[in-house]
Amino acid sequence: VSIAKEIVSSDGTEIGLSVIRWMDTPHFYSQGKIIVQYIGHNPEMLNLLDSFLGNQFAGM
Numbered sequence: 001v002s003i004a005k006e007i008v009s010s011d012g013t014e015i016g017l018s019v020i021r022w023m024d025t026p027h028f029y030s031q032g033k034i035i036v037q038y039i040g041h042n043p044e045m046l047n048l049l050d051s052f053l054g055n056q057f058a059g060m
């Protein structure tokens with residue numbers, strides 16, 4: 001997971017050598033051995049993810 005986290009740009013628009021144009025705002029979270037990606041901007045969902053997974057490590 002730590003290596004995977006390192007290849008995601010801080011704003012979440014690049015993963016490795018790939019530039020990605022998301023349909024909405026990207027958010028990346030990590031806890032233990034999992035990475036969670038949420039594409040959207042719903043405040044309730046973001047609060048829920050923050051409460052379960054902590055602060056995002058990449059995204060907008």
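Residue numbers for the sequence shown follow my numbering, so the first one is 1 and each next one is one higher. We put the CB at the ideal spot given by N, CA and C, even for glycine.
Check whether the Cβ atoms of A58 and S18 lie closer than 9 Å to each other. Numbered from 1 along the sequence shown, position 58 holds the residue referred to as residue 58. Numbered from 1 along the sequence shown, position 18 holds the residue referred to as residue 18. Against a cut-off of 9 Å, the Cβ pair of S18 and A58 comes out as no contact.
Does chain B have any CB closer than 9 Å to the CB of L49? Looking at the structure shown, chain B is missing, and only one protein chain is on hand.
With a threshold of 16 other CB atoms inside 10 Å of the CB of F28, please say whether the residue is buried or exposed. For the purposes of this step, residue 28 is identified with residue 28 of the sequence shown, where counting begins at 1. By the neighbour-count rule (16 or more Cβ atoms within 10 Å), F28 is buried.
Please indicate yes or no: does the CB of S2 lie closer than 8 Å to some heavy atom of the ligand FMN? The ligand FMN is not part of this structure, which contains no ligands at all.
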